[in-house]
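Just below is one structure, and these are the notes that go with it.
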Amino acid sequence: MDVGVSDKRIKLLLRTKPGDPVKGLQPEVGYSIRIRFGVLRAADSLKDVADAHPEYRVHRWQGSKVRWSIDVTGNTRLLFNYDLKAKEVTDMIYDDPH
Numbered sequence: 000m001d002v003g004v005s006d007k008r009i010k011l012l013l014r015t016k017p018g019d020p021v022k023g024l025q026p027e028v029g030y031s032i033r034i035r036f037g038v039l040r041a042a043d044s045l046k047d048v049a050d051a052h053p054e055y056r057v058h059r060w061q062g063s064k065v066r067w068s069i070d071v072t073g074n075t076r077l078l079f080n081y082d083l084k085a086k087e088v089t090d091m092i093y094d095d096p097h
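When the letters of the sequence shown are read in order and numbered with numbering that gives the first Met the number 0, they come out as residues 0 to 97.
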């Protein structure tokens with residue numbers, strides 16, 4: 000599936016080698032984001048991700064029709080828009096919404 004990122008930290012993370020530090024991201028968070036990004040890219044749909052990885056708690060974000068959430072750590076999330084017809088993720092950010 001195509002995955003579009005708008006968060007500068009995630010963009011930088013994806014351009015660096017695994018394990019290289021990224022300002023604003025703890026190493027374990029960077030690792031978790033990389034894993035989830037790879038899972039999204041390899042999946043055919045968001046339902047496939049949710050079914051294969053229930054621990055990610057893939058869910059619509061607070062009643063939104065297009066905004067979705069995937070858990071990264073206890074309070075932090077990857078938030079993104081998902082186009083069901085195009086099966087495309089866009090505007091991905093990393094946030095602590097709590």
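Cβ coordinates follow ideal geometry from the N, Cα and C atoms, glycine included.
### Task
Could you pull out every unbroken beta strand (DSSP E) segment of at least 3 residues lying fully inside the stretch 13 to 96, listed in chain order?
66 to 70, 76 to 82, 87 to 94
### Query
What's the gap between the Cα of Gly62 and the Cα of Val2?
22 Å
#### Entry: Buried versus exposed, by CB contacts within 10 Å (16 or more), Leu77
buried
### Task
Return the chain-ordered list of same chain residues with a C-beta closer than 7 Å to the C-beta of Pro17, the five sequence neighbours on each side being excluded.
Arg33
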